[in-house]
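Below is one structure, written out as structure tokens; comments come after it.
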Amino acid sequence: MKIKHYQLFLDSILHPKKLAAYRMLPIGKLIQYVFILITFITVISFIQFLTGVGSSVDTSQLEGLKEYLDDIKWLIYPFAFVFLFTITTFLTFLRISIYGFIGFILLKMMGHRGEYRHIWRTTALATTLSTILTSILSFTSLNGTFMTIISLVITVAYIASAITKYPKIKK
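Using the working numbering, read the sequence shown as starting at 3 and increasing by one per residue.
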């Protein structure tokens, strides 16, 4: 199945029921898609780091440290970006795996046929909207717990919607 990442992106946002069809995609294509999503998250987070949006630290007390950091920022920024990318990668794959487990439980409760690897692929696509939404909302003053709940509800709803298109268990 030849499909472009752009089409996966559009379908994962606009057509949650199509996500079930993508359970048969090669894992490499999904991993590429997840890494593109991780790159987006990392760039947004790095912009927040550079601009200080969402930071509640009083910089007037850290004047000497601020001058020192201004002198070596060319050295800190590349390491910070790589560190941020690594942590974001780990957390994103962990989140997809946990949501995949929740989806697997839903799959069995709803009486549909499938394996964990199938639901993991569906979940990797189902997390797109919640990831983009929480990345954008991180620039606002919303509570982190509230954003997590929104993300959880959206992702589980997309997974449940996709599961309805999985084949039923024959009785």
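Backbone N, C-alpha and C define an ideal beta-carbon position, used for all residues, glycine too.
Just so you know, the alpha carbons of Phe106 and Phe83 end up roughly 34 Å apart. Given a length threshold of 3 residues, the region 11 to 61 has no whole run of the beta strand (DSSP E) inside it. The beta-carbon separation of Ile156 and Ser137, rounded to 13 Å, does not stay under the 8 Å limit for a contact. Remark: C-beta atoms of Val36 and Thr94 approach each other more closely than 8 Å. Judged by their CB atoms, His114 and Pro169 are nearer to each other than the 8 Å cut-off.
Remark: C-beta atoms of Thr130 and Leu52 do not approach each other more closely than 8 Å.
Taken in chain order, the unbroken stretches of alpha helix (DSSP H) that lie wholly in the region 102 to 167 and span 4 residues or more are 118 to 139, 146 to 165.
Burial check for Arg119: the Cβ neighbour count within 10 Å stays below 16, so the residue is exposed. Counting other Cβ atoms within 10 Å of its Cβ, Thr41 stays below 16 and is therefore classed as exposed. Looking only at Ser153, Trp122, Glu69, Met149, the smallest Cα-Cα distance to Ala22 is reached by Trp122.
The DSSP-derived three-state label of Lys170 is strand. In the structure shown, Lys75 falls within a helical segment according to DSSP collapsed to helix, strand and coil. For the options Ile78, Ser140, Phe103, the alpha carbon positioned closest to that of Ile161 is the one of Phe103.
Its chain contains Leu127, Thr130 as the residues whose beta carbon lies nearer than 6 Å to that of Ser14, once the 5 sequence neighbours on both sides are disregarded; these appear in chain order.
Proximity to Phe11 across Thr124, Thr166, Ser140 peaks at Thr124, based on C-alpha coordinates.
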